[in-house]
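Asker: In the working numbering, the protein residues as written are 2 to 549.
Backbone N, C-alpha and C fix where the C-beta goes; we use that ideal spot for every residue, glycine too.
Every value quoted in this text rests on a predicted model; they were computed, and no experiment measured them.
Before I ask anything, here is the structure I am working with.
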Amino acid sequence: MSYQVLARKWRPKSFETLVGQDHVVRALTNALEQNRLHHAYLFTGTRGVGKTTVARILAKSLNCETGITAKPCGVCDACTEIDRGRFVDLIEVDAASNTQVDAMRDLLDNAQYAPTAGRFKVYIIDEVHMLSKSAFNAMLKTLEEPPAHVKFILATTDPQKVPVTVLSRCLQFNLRQMAGTSIISHLQNILGQENIPYEPTALHLISRAAAGSMRDALSLTDQAIAYGGQTVNESEVRAMLGAIDQSYLYQLIDALLANDGAGIIAQAKSMEERSLSFEAALNDLAQLLHQIAVAQTVPDSVADDLPERTLLLGLAQRISPETLQLYYQIALLGRRDIGLAPDEFAGFTMSLLRMLAFTPSEGEAKKLPNKPLAQPNRAQADTLVKPKMLSQPIEKPIDKPTEPILQQSDTLQADEMIENESNQSFNGNWRGLLDQLKLGLARNLALNSALLSYDENTMRFAIQDKDKALLSPMYQDKLSSALQQHFGRKIRLEFSVEGSVNTPAKQVAQEKAHAQANAESSIEDDSFVQALINDFGASIIPNSIKPI
2 MSYQVLARKW RPKSFETLVG QDHVVRALTN ALEQNRLHHA YLFTGTRGVG
52 KTTVARILAK SLNCETGITA KPCGVCDACT EIDRGRFVDL IEVDAASNTQ
102 VDAMRDLLDN AQYAPTAGRF KVYIIDEVHM LSKSAFNAML KTLEEPPAHV
152 KFILATTDPQ KVPVTVLSRC LQFNLRQMAG TSIISHLQNI LGQENIPYEP
202 TALHLISRAA AGSMRDALSL TDQAIAYGGQ TVNESEVRAM LGAIDQSYLY
252 QLIDALLAND GAGIIAQAKS MEERSLSFEA ALNDLAQLLH QIAVAQTVPD
302 SVADDLPERT LLLGLAQRIS PETLQLYYQI ALLGRRDIGL APDEFAGFTM
352 SLLRMLAFTP SEGEAKKLPN KPLAQPNRAQ ADTLVKPKML SQPIEKPIDK
402 PTEPILQQSD TLQADEMIEN ESNQSFNGNW RGLLDQLKLG LARNLALNSA
452 LLSYDENTMR FAIQDKDKAL LSPMYQDKLS SALQQHFGRK IRLEFSVEGS
502 VNTPAKQVAQ EKAHAQANAE SSIEDDSFVQ ALINDFGASI IPNSIKPI
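Structure follows, in structure tokens:
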């Protein structure tokens, strides 16, 4: 017989052997045991997580000659024929190849006929989201009320593209990505039965590369067996995947902690000589830093059989949490920007040199409160690419204009106040009074008017020549009405046009300009920002600084 790939040879044939989808298995098992069967099922999830496998097991459960069961016998004609893909009443359709409405109509026309050999006629439509809109419409009625002998099982990697009218007619199950531990355990079981020697670290690498897909993991294992000559070794799997030898990463972190710039460059050159991918190296470095952070926070979560357990726990003791977070952030940013570097070697080494520049030495750590550059926090790490945007709070209050805006009238001394029936008072603070008035459209006139003098019944204002268009009767009436409502009596308004007056609008503009200048000065004079500009060629984004 010809060789059968692991993904097909070890495809689960029962719910008991299905890996990593316990929530789906439990629901389907209970439904089958209680004979609560739906007419349409929809399985969603990424590639290689078991959608088609679950569909075939469900088809066996429905058609097993022992009866409807969650544990098909696997030996009757129906079970064996379904496993071989030759059961006449199991119709598998690839929607990607049969997208048109005519193919769907032909399929549904045959659905009305009773099954030939089985209990149910089961339609498995894979990648159902690829059907055309007309094809979906053609199947809606049959999908909602199919004949009693028909069951639909739909599968898709993109449920967002399936019409809601179809979703509402199906019992939906979302198959999750496989956990790394589940993949490793399953590979260990398979390789043990295949009598193929393996190294645990190699299986960790395959699990990581599979990214949650069991099919991908089995395909990579097939490739690793062929590459390694009937063995699965760490070094050969690393070479096959282009992965970085973990020893390089540990040596790089040791060099960073030892402030050994020469050692860092030497390691990078050694990696370059072996034609290793520096982008993959930054990715693996970020993953290693994540593992160290987990070991630092929850040591018991590090698996006892993990080959790097001792090294991880050792580094967790040596690196401060702040430095670890900084390294992780720089690794992510370096990987993102490596395509902008002159070459990958330059991008990789520059990321390491950034880590080195901000790694606190023993002496600097003691001076940490006075030297923020020794150990920047997360916000400072983010500023490696984008400088911080907010200035420090303004400690010194803004000086108010010194020139008086109020002139004494002949009938009122400066220290007198207007009092009305509702006990409202006014002390000459026109800008403060504006915040108490309900002005609406007249607010613009009030903001651009400077109070010259006032008495009990009259307020005299000056307005600049460029704003005289605001002196419309409507705005004046609204302002007068607002003042009358506030004071409880009629207030007459008098306006004059002058060249330059100190209006509330002008005062607000001056204060905003003062605050903006203060904020920009605070950022530009900040020692951390200056270090970024001088050492890394950073620049402040124009118009990005806003005062608090």
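If you run the structure through DSSP and keep just helix, strand and coil, what is V102?
Answerer: V102: helix per DSSP, three-state reduction.
Asker: Note down the Cα distance separating Q508 from L480, rounded to an integer number of angstroms.
Answerer: Taking the straight line joining both Cα atoms gives about 20 Å.
Asker: If I measure Cβ to Cβ from G75 and keep anything under 7 Å in the same chain, skipping five residues before and after, which residues do I get?
Answerer: Here the set comprises K14 and S15.
Asker: If you scan the region 50-115 from start to end, which runs of the beta strand (DSSP E) of 3 or more residues do you find wholly inside it?
Answerer: Whole beta strand (DSSP E) segments, 3+ residues: 91-95.
Asker: Pull up the CB-CB distance for L33 and I69, whole angstroms please, since I reckon it's below 8 Å.
Answerer: Yes, L33 and I69 are in contact; Cβ-Cβ is about 6 Å, under 8 Å.
Asker: So which of F44, P198, R216 and A149 has the shortest CA-CA distance to W11?
Answerer: Residue R216 is the option with its Cα nearest to W11.
Asker: From this set, D527, Q485 and K469, which residue's C-alpha is nearest G500's C-alpha?
Answerer: With distances taken between Cα atoms, G500 lies closest to K469.
Asker: Do E280 and I339 have their C-beta atoms closer together than 8 Å?
Answerer: Yes, the pair counts as a contact, with Cβ atoms nearer than the cut-off.
Asker: Can you look up K491 in the DSSP assignment and give me helix, strand or coil?
Answerer: Reduced to three states, the DSSP call for K491 is coil.
Asker: Please classify Q485 as buried or exposed, where buried requires at least 16 other C-beta atoms within 10 Å of its C-beta.
Answerer: That one is exposed.
Asker: Helix, strand or coil for M131 per DSSP?
Answerer: Three-state DSSP puts M131 in a helix.
Asker: Hey, would you say Q297 sits closer than 8 Å to A317, going by beta carbons?
Answerer: Yes, they are a contact pair.
Asker: Span of the alpha helix (DSSP H) holding T182?
Answerer: Start and end: G181 to Q194.
Asker: Is L413 helix, strand or coil when you go by DSSP?
Answerer: The pLDDT assigned to L413 is 37, lower than 50, so where the model puts this residue is not dependable; a value taken from the coordinates is nonetheless given after this. In the structure shown, L413 sits in a strand (DSSP, three-state: E or B).
Asker: Excluding sequence positions up to five away, which residues of its chain have a Cβ less than 7 Å from the Cβ of K162?
Answerer: Closer than 7 Å at the Cβ level, and outside the excluded window around K162, lie H130.
Asker: Does the beta-carbon distance from A136 to Q173 come in below 8 Å?
Answerer: Not in contact: A136 and Q173 (Cβ atoms no closer than 8 Å).
Asker: Going by other Cβ atoms of all chains shown within 10 Å of its Cβ, with 16 needed for buried, is N430 buried or exposed?
Answerer: Flag for N430 reads exposed.
Asker: Can you list, in chain order, the residues of its chain with a C-beta nearer than 7 Å to that of A451? Leave out the 5 residues immediately preceding and following it.
Answerer: These residues qualify, in order along the chain: I406, F462, A463, V502, N503 and T504.
Asker: Where does V233 land, buried or exposed, given buried means 16+ other C-beta within 10 angstroms?
Answerer: V233 comes out buried.
Asker: Kindly list the residues whose CB is nearer than 8 Å to the CB of H150, restricted to its own chain and excluding five residues on each side of it in sequence; keep chain order.
Answerer: Answer for H150: A115, P116, R120, F121 and K122, listed in chain order.
Asker: Which residue comes first and which comes last in the beta strand (DSSP E) that contains T551?
Answerer: This structure does not reach residue 551, given that the chain is present from 2 up to 549, and the question cannot be answered.
Asker: May I have a chain-ordered list of the beta strand (DSSP E) segments no shorter than 3 residues that lie completely inside the region 257-310?
Answerer: As far as the region 257-310 is concerned, it has no whole beta strand (DSSP E) run of at least 3 residues.
Asker: Does DSSP put A375 in a helix, a strand or coil?
Answerer: In this predicted model, A375 has a pLDDT of only 37, less than 50, meaning its place in the structure is not dependable enough to derive any value.
Asker: Below 7 Å, is the gap between the Cβ of E521 and the nearest heavy atom of the ligand ATP?
Answerer: This structure lacks the ligand ATP; in fact it carries no ligand of any kind.
Asker: What's the gap between the Cα of A218 and the Cα of L132?
Answerer: Looking at the two C-alpha atoms, the distance is approximately 29 Å.
Asker: Taking the alpha-carbon positions, what's the T18 to M272 distance?
Answerer: Near 42 Å, if we compare the C-alpha coordinates of M272 and T18.
Asker: Could you have a look at R170 and say whether DSSP puts it in helix, strand or coil?
Answerer: Correct three-state label for R170: coil.
Asker: When DSSP labels each residue in this structure, what does F359 get in the three-state scheme?
Answerer: Coil.
Asker: Alpha carbons only, please: which of Y251, L43 and N190 is nearest the one belonging to V167?
Answerer: Among Y251, L43 and N190, the Cα nearest to that of V167 belongs to L43.
Asker: Using 10 angstroms around the beta-carbon of A96, count the other beta-carbons present and answer buried if the total reaches 16, otherwise exposed.
Answerer: Buried, by the Cβ-count rule.
Asker: Pair every Cβ in the region 168-188 with every Cβ in the region 197-208, then say whether three or more of these pairs are closer than 8 Å.
Answerer: Counting Cβ pairs under 8 Å, three or more are found: they touch.
Asker: Name the one or two DSSP bridge partners that L440 has.
Answerer: Its beta-bridge partners do not exist; DSSP assigns none.
Asker: Count Cβ pairs between the region 41-56 and the region 18-29 that sit closer than 8 Å; are there 3 or more?
Answerer: Touching, per the Cβ criterion.
Asker: Residues in the same chain with beta-carbon distance under 8 Å from L258, minus the five sequence neighbours each way, listed in chain order, please.
Answerer: Cβ within range, chain order: R319, I320 and T360.
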